[in-house]
Amino acid sequence: MAEDLSTTVLVGGITIHLYGWKGLLDKPISMPISVMFLLHGRKGAASAKRMVEIAKRISHVNDNPDNVSYLLLAVFDHRNHGLRLVNDKRNVTWKEGNDLHAMDLFTMQYGAVQDVSLLIDFLPSVLFPNDERTISQWMASGISLGGHAVWMILALEPRITIGAPLIGCPCFLDLMRGRLQQGEMSVGPPYLPQSFVNTVQRLDASSHLDKMKGKRICVLSGGDDKLVPWSCSEAFVRQVEEVADCKVRVMEGVGHSTPPEMIQELIQWLSDIIKSPIKSHL
542 MAEDLSTTVL VGGITIHLYG WKGLLDKPIS MPISVMFLLH GRKGAASAKR MVEIAKRISH
602 VNDNPDNVSY LLLAVFDHRN HGLRLVNDKR NVTWKEGNDL HAMDLFTMQY GAVQDVSLLI
662 DFLPSVLFPN DERTISQWMA SGISLGGHAV WMILALEPRI TIGAPLIGCP CFLDLMRGRL
722 QQGEMSVGPP YLPQSFVNTV QRLDASSHLD KMKGKRICVL SGGDDKLVPW SCSEAFVRQV
782 EEVADCKVRV MEGVGHSTPP EMIQELIQWL SDIIKSPIKS HL
């Protein structure tokens, strides 16, 4: 495990790893705070070496003296992951023996939406019980499963106005049906029962294009990603580009991974945001 320089807080039973907390203590009380939730992938954890490395790299955006706000990174475990693990067999795929894979995957995404909403409600009072500082801006980024969740968060949580899904997909049913067809499996029950499909169609990011309007979004995907193919996302993302401030980069030769150049692209985008005046949507 990589050296973890985060500060840990507990909110509503969820352990949050905060990056940037110690540096915040040296900043003026009047400096606005931007909080970005950073979500890991399936079978990962908030404390995993790769997540710690990425979080530490991102936190260096605070080194710029021209920043308008200070960035706090909040990293926590998805449901049934890390400290919240209940049954690791429910994190595997159909071919690995989990017939409920689609339901498990989607409920973890929707669970992340609910967790983020809870944390937006209560994190300020836990961090600043004397109302000594104000959180002025909420953002989210995530990788793979975390990237899928970020799309849902952008669609369903209006206080998240800035989001960066990495190797994620906003169109859950397209992604699942493609995988089932590739595996020569049924695209209906028991893997995609109609009751589940109805719920997905109600909650999926692809059903809420109107909620993307005016938001700032950075979409980073791999052109050679076989697990989350760009073809499953492209049509909806092109629609998002029409209504949002949307940066899109599909990296040639990159599969289902987040190479250093992808993380650097995210950091540059975040740096520009932290230097820009905050538009409050609270």
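Numbered per this note's numbering, the sequence shown finishes at 823, counting up by one with no gaps. Cβ coordinates follow ideal geometry from the N, Cα and C atoms, glycine included. Bear in mind that the values here come from a model prediction, so they are computed numbers and not experimental data.
DSSP three-state label for residue 687, please. helix
inquiry  = Using a 10 Å radius around the Cβ and a threshold of 16 neighbouring Cβ atoms, would you call residue 774 buried or exposed?
reply    = buried
Checklist entry - In the structure shown, what three-state DSSP assignment does residue 767 receive? => result coil
**Prompt:** Looking only at C-alpha atoms, which of 767, 782 and 778 sits nearest to residue 793?
**Reply:** 767
Exercise for review: Label residue 608 either buried or exposed according to how many other C-beta atoms from any shown protein chain fall within 10 Å of its C-beta, with 16 as the threshold for buried.
Suggested key: buried
Assign residue 557 to one of three DSSP states: helix, strand, or coil. strand
Based on Cα-Cα distance, which residue from 575, 657, 611 and 760 lies nearest to residue 698? 657
Close beta carbons around residue 705, own chain, < 6 Å, minus the five adjacent residues each side:
682, 759 and 807
Notebook entry, point to check: Which residue spans inside the segment 564-624 form an unbroken alpha helix (DSSP H) run of at least 4?
Noted result: 590-600
Pick helix, strand or coil for residue 652, following the three-state DSSP scheme.
helix
Checklist entry - Can you name, in chain order, every residue of its own chain whose Cβ lies under 8 Å from the Cβ of residue 636, other than the five neighbours on each side? => result 724
Which same chain residues end up closer than 6 Å to residue 650 when comparing Cβ atoms and leaving out the 5 residues on each side of it in sequence? 689, 690 and 693
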